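These notes are about the structure you will find just below.
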Ligand code: GLN
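In structure tokens:
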């Protein structure tokens, strides 16, 4: 196996492939050797496409040899979370109800990756329907953290994070409804970006909480995230919630990535540090000191409604989920119960047999919150709280360019540690969830390690459509530190 290839990041690999110094076929072969070596331990993938990947790589190599134009990710092996529809392989969403579902169309992000000549080597494991924070809710397999195989990779996009951290691909896509990109990025020592709601098309992303869901990249560093965002961002007429360029101009996220932000103002919320582990707090404070040395000014602010975000989220997300998941009825597609006695049983038994307990819990919660008599007290109230949380962010961005806080209160926890208590699991997203309620973008970057050698994440939150600035702020940190270059021993 070519260790040197695995050490490269996306930007380096694509340059070398483009110059013909490395063949894409060689990169893909190397990745599959690594998958054969590590996947049995880590369990990042639900499906892999070796033959198809080698074929695509050979096509890219041939185009380059002929001097033809190639896309921005030409020949680079990437992976996607298995809640994005693909015409190749199954699209399972980590659920038994979709285990054999084959999509007749590609999600827009998949079309964009293919148009950029990326090589999609596999689809990654997730908490069933993206509901969870550890990937332990997957109905199909377990994924472990490459930094410590007794620990979870985070979730719900745990497979996409573990695949990059395990060097089984060079970047990947996840989806983030309440933290599912940022928290696993933090647990696996990666850069993970949740774009502004509307920046990336959700067409072909299996819906969980439609007003919160957003697709984004996992990568080894900020510039790789920028490269991935360049490929996937943009208006899509197939997704009416995707934003057009008149509303928010599309940036080239990569061209200015090296340029520091002059006069950077960073907001911090002192109270929010209280709930996190001491080593996490120390690493985040140390990171803020590094920004200070780079000339940043720190502004202390209050976000009085932040603490209500978990409560509001678990009403809004479950309400939307209960409606979105009504389509899995045993009739249209997906799993159908054997020998039902009537049509009611087709519906009830198919769902009872093929959906996992967390998904059922959320459907029940959401149905309850939306039911007449409770709608005003729960769902409507949660929407009002959502507006107040948004106003906290609006006020913050009048004073600063970004807000910094931990991504997660802890580093990666042990497998099984939180499965018995859903509330404990929900709390692992205390710092990420408000961001989805407000719709703003945020990135998690590696900012240190605890005494068990587990990565710690710093969350940097920006105002709407400031991904370019956020990635430049992330890059500033990388110029001063080496955390993003550390790799797990496998
Ligand atoms: N952990 C949160 C949940 O379970 C967020 C998941 C996500 O972002 N998809 O809903």
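Numbering (our numbering), first residue to last: 288 to 777. Heads up, the beta-carbon is just placed ideally off N, CA and C, and yes, glycines get one too. This one's a predicted model, so the numbers in the text were calculated from it and none came from an experiment.
Original post:
At what residues does the beta strand (DSSP E) containing residue 335 begin and finish?
Top reply: 332-335
Original post:
Are the beta-carbon atoms of residue 478 and residue 730 separated by less than 9 Å?
Top reply: yes
Original post:
Does at least one heavy atom of ligand 1 sit under 8 Å from the Cβ of residue 483?
Top reply: no
**OP:** With a cut-off of 8 Å on the beta carbons, I'd call residue 672 and residue 592 a contact; round off their distance for me.
**Re:** 7 Å
Original post:
When we look at the beta-carbon of residue 710 and count the other beta-carbons within 10 Å, is it buried (16 or more) or exposed?
Top reply: exposed
Original post:
Nearest-angstrom Cα distance between residue 519 and residue 405?
Top reply: Straight-line Cα distance between these residues: approximately 12 Å.
Original post:
Looking at the unbroken beta strand (DSSP E) that takes in residue 371, where does it start and where does it end?
Top reply: From DSSP, residue 371 is part of no beta strand (DSSP E); its letter is neither H nor E.
Original post:
Where does residue 526 fall in DSSP's three states?
Top reply: Coil at residue 526, not helix or strand.
Original post:
What are the start and end residues of each continuous alpha helix (DSSP H) run of 4 or more residues lying completely inside the stretch 443-470, in chain order?
Top reply: 445-452
Original post:
Can you find a heavy atom of ligand 1 that lies under 8 Å from the Cβ of residue 604?
Top reply: yes
Subject >> Beta-carbon proximity of residue 590 to residue 708, cut-off 9 Å >> reply: The answer is no: Cβ separation not under 9 Å.
**OP:** May I ask you to report which of helix, strand or coil DSSP gives residue 491?
**Re:** coil
Original post:
Looking at the structure shown, is residue 752 part of a helix, part of a strand, or coil, going by DSSP?
Top reply: The answer is coil: DSSP assigns residue 752 none of H, G, I, E or B.
Original post:
Can we say the stretch 679-694 touches the stretch 730-748, given the rule of at least three CB pairs closer than 8 Å?
Top reply: yes
Subject >> Near ligand 1: residue 651 beta-carbon under 8 Å from a heavy atom >> reply: Residue side-chain check: residue 651 keeps its Cβ at 8 Å or more from all non-hydrogen atoms of ligand 1.
Original post:
Can you tell me whether DSSP reads residue 648 as helix, strand or coil?
Top reply: helix
Subject >> Any non-hydrogen atom of ligand 1 closer than 8 Å to residue 611 Cβ >> reply: no
Subject >> For residue 673, the three-state DSSP class (helix, strand or coil) >> reply: helix
Original post:
Nearest to residue 562 by alpha carbon, out of 336, 393, 716, 761?
Top reply: 716
Original post:
What residue ranges within the stretch 699-752 form continuous alpha helix (DSSP H) runs of no fewer than 4 residues, ordered along the chain?
Top reply: Within the stretch 699-752, the runs of alpha helix (DSSP H) that reach at least 4 residues and sit entirely inside it are, in chain order, 709-714, 720-725.
**OP:** Please report how far the alpha carbon of residue 340 lies from the alpha carbon of residue 402, in whole angstroms.
**Re:** Residue 340 and residue 402: Cα-Cα distance of roughly 14 Å.
Original post:
Can you tell me the Cα-Cα spacing of residue 446 and residue 379, whole angstroms?
Top reply: 13 Å
Original post:
Between residue 458 and residue 631, what straight-line distance do the alpha-carbon atoms span, to the nearest angstrom?
Top reply: 44 Å
Subject >> Spatial distance of residue 395 from residue 521 (CA atoms) >> reply: 10 Å
**OP:** Flag residue 738 as yes when its Cβ comes closer than 8 Å to any non-hydrogen atom of ligand 1, and as no otherwise.
**Re:** no
**OP:** Mind checking which residues open and close the beta strand (DSSP E) that includes residue 584?
**Re:** Note, residue 584: beta strand (DSSP E), 584-587.
Original post:
Going by Cα to Cα distance, which pick from 766, 373, 498, 714 is closest to residue 526?
Top reply: Out of 766, 373, 498, 714, 498 has the C-alpha closest to the C-alpha of residue 526.
**OP:** Mind checking which residues open and close the alpha helix (DSSP H) that includes residue 515?
**Re:** 509-519
**OP:** Along the beta strand (DSSP E) that carries residue 687, what are the first and last residues, could you check?
**Re:** Residue 687 -> no beta strand (DSSP E), and no H or E assigned at all.
Original post:
DSSP on residue 479, reduced to helix/strand/coil?
Top reply: Strand.
**OP:** Report all residues from its chain with a CB closer than 7 Å to the CB of residue 318; omit the five preceding and five following residues, and keep chain order.
**Re:** 364, 408, 455, 456
Original post:
What is the DSSP secondary structure of residue 411, reduced to helix, strand or coil?
Top reply: strand
Original post:
Roughly how many angstroms lie between the CA atoms of residue 615 and residue 658, to the nearest whole one?
Top reply: 20 Å
Original post:
From 295, 453, 575, 417, pick the residue whose C-alpha is nearest to that of residue 767; which is it?
Top reply: In terms of CA proximity to residue 767, 575 leads the group 295, 453, 575, 417.
Subject >> For residue 503, the residue or residues it bridges with in DSSP >> reply: As computed with DSSP, residue 503 is found in a beta bridge with 461.
**OP:** Given a cut-off of 9 Å, decide if residue 480 and residue 718 are closer than it, judged by their beta-carbon atoms.
**Re:** no
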